[in-house]
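Below is one structure, written out as structure tokens; comments come after it.
As structure tokens, then:
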């Protein structure tokens, strides 16, 4: 099928390298929601190169090996991918399909924090590798999607560095929106409805009338749960019914290793005598469809992080769940959501690593007589972040897909650069130690 001339629905293949199942992290959730949104107007298949137990009545969902993936890629008109798909399956770069790269996660910036415990040599080489992986994606894609205008500015710089901002792409669209645009993480198109209590009255040590602060996601090295735990410790004498609940510690993808920060957070809570009394860790990962029951048992959502470049260009997906649940939010300053929280009065924003300021903000928002009004504003803003809205650019593109202007004038835009980049990396000791791209990717898989 020729997607440009036939009126039949575009055939779209969405690929994720994450686990599709009851328990999902950000990359799998995003791929799942993309497929659901696209199937309304396109013929869709969703595949995972890891594992899948999901099913959908209206489109195929499957786990694939390399052989099966080749058949799916040959079938599609448009290929949507994320993460390390191209590096673990390099033959995809020869596809005739129109390619959409989902680069909502700046993985090289994330790894600067994730890899801090590695040796300097390994950390440097892996950072170089991830940057090359992303450069290949930027060179290959006909269309790219990121999470925010701030991220887009960042990616425009990297696109310029790999010569994708050129007379061909510029002359067809000086804004370059036809090359890279915004498709933020979203929230469910249906309202959040609680079907059971999951925290209050259910978790030993948390009563029905306790005030629950929820940490709505994993505990990774670029987050700062330590300042939050210390802030709670400073408040419990004044507010004995205050509880902090960490929603998930163990990542649903078995390839993702535990991170130092999770262990540090649990150790600090133990040292302060808070574990099981005022601070609680769910050591598993909550099912995607069950998380609403945890969120709606909370009174406040928090997101605390450090001041570094990963924060500056991040898009904290856990905050989307707070919007869906109508939870007032307290967040550290420095990222895109901090600006939105201030602008729309969704809670409070505090400086990084400031225990006193964080405790004061929690107290101000959680115990304020205006908390319900704040919650109403959070829900109202959340309406603008439905998946049906945030994925509109992707939907429109797939209905009428097009090659990038600079890809129409050359047969294979990335083969030489890809081979050169991978050739450089294969000569490193990192490649030999990790037995190639796939083994390495398992050590640095994206987590959002």
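In our numbering, the protein residues as written are 341 to 788.
Glycine included, C-beta positions come from ideal geometry on N, C-alpha and C.
The closest CA to that of residue 564, considering only 635, 643, 674, is found on 643. With a 10 Å radius around the Cβ and a threshold of 16 neighbouring Cβ atoms, residue 538 comes out buried. Assigned with DSSP and collapsed to three states, residue 566 falls in helix. Here the segment 538-547 makes contact with the segment 615-625; the two share three or more CB pairs at distances below 8 Å.
Residue 677 carries a helical assignment under DSSP once its states are collapsed to helix, strand and coil.
The secondary-structure analysis by DSSP pairs residue 421 across a beta bridge with 441.
Under the DSSP definition of a beta bridge, residue 521 partners with 485. Minimum Cα-Cα distance from residue 444 among the listed residues 572, 657, 376 corresponds to 657. For the set 650, 675, 680, 688, the Cα lying nearest the Cα of residue 668 is the one of 688. Residue 712 is classed as exposed because its beta carbon has fewer than 16 other beta carbons within 10 Å across all chains shown. In this structure, residue 553 and residue 722 do not form a Cβ contact; the two beta carbons are roughly 19 Å apart against a cut-off of 8 Å. In the structure shown, residue 551 adopts extended strand secondary structure according to DSSP, grouped into three states. If you draw a straight line from the Cα of residue 730 to the Cα of residue 655, it comes to about 13 Å. For residue 556, no beta strand (DSSP E) segment is defined, and its DSSP state is neither H nor E. Among the bridge pairs identified by DSSP, residue 669 is matched with 641, 687. Within the DSSP secondary-structure output, residue 451 pairs in no beta bridge. Residue environment analysis places residue 431 among the exposed positions, since fewer than 16 neighbouring C-beta atoms fall within 10 angstroms of its C-beta. Within the same chain, 368, 388, 392, 394 come within 6 Å of residue 360 by CB-CB distance, once the 5 residues on both sides are set aside. Around the beta-carbon of residue 363, 16 or more other beta-carbon atoms lie within 10 Å, marking it buried.
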